[in-house]
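In what follows, a single structure is set out as structure tokens and then discussed.
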Amino acid sequence: MARVKRSVASRTRRKATLQKAKGYYGNKSRSFRAANEQVMHSGQYAFRDRRARKGEFRRLWIQRINAAARQNGTTYSRLIHGLDVAGIVVDRKNLADLAVSDPAAFAAIAERAEVALTDTAAGNGGQVDSAA
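Sequential numbering of the sequence shown, starting at 19, is according to my numbering.
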């Protein structure tokens, strides 16, 4: 049976790993074994943190919405509940962007939410007058 020569494939694989490990501290950028361990671990961090980033952004949006809501005399919780009662569907990303870029529009939305809450408390079932 013919002998298998593995050097080209092995060297290519090792060179690719060391290329990925470029810039790592100490032996992790020079020794294949240390570099390979670190590259695998780095890949796990990257995979995990791509998902964690989504939660971090949601927390940031909620903080921005809460700050803008408090400037308009309400809280985040009341604002979100008021939007739900009023039937206004806007996600937190766009609401936070509105709070930063167009405070007047955010104030109008916050006012609609507050009116919906007061109407619900008064017994109107949350129906907001279309003229408002």
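Glycine residues also receive a C-beta, built at the ideal position from the N, C-alpha and C atoms.
Problem - Per-residue DSSP class, three states only, for ARG48 - result: coil
Problem - Endpoints, alpha helix (DSSP H) assigned at TYR43 - result: No alpha helix (DSSP H) holds TYR43; DSSP gives it neither H nor E.
Exercise for the section: Following the continuous alpha helix (DSSP H) through LYS111, name the residue where it begins and the one where it ends. Expected result: 110 to 119
Exercise for the section: Specify the secondary structure class of ALA134 as computed by DSSP and reduced to three states. Expected result: helix
Handout entry: Helix, strand or coil at ASP72 according to DSSP, with G and I counted as helix
Key = In the sequence on display, residue 72 carries Lys and not Asp. Helix.
Problem - Host alpha helix (DSSP H) of ARG96 (start-end) - result: 94 to 104
Problem - Simplified DSSP assignment, three categories, for ALA150 - result: Reliability of the predicted coordinates at ALA150 is poor, the pLDDT of 49 falling under 50, and no value is obtained from them.
Practice task
State the Cα-Cα distance for the pair ALA87 and LYS72, rounded to the nearest angstrom.
Solution key: 22 Å
Handout entry: Burial state of ALA150 (16 or more Cβ within 10 Å)
Key = Reliability fails at ALA150, whose pLDDT of 49 lies under 50, so the model's placement of it is uncertain and the value that follows must be treated cautiously. Exposed: under 16 other Cβ atoms inside 10 Å.
Exercise for the section: Can you tell me which of the three DSSP states MET58 falls into? Expected result: helix
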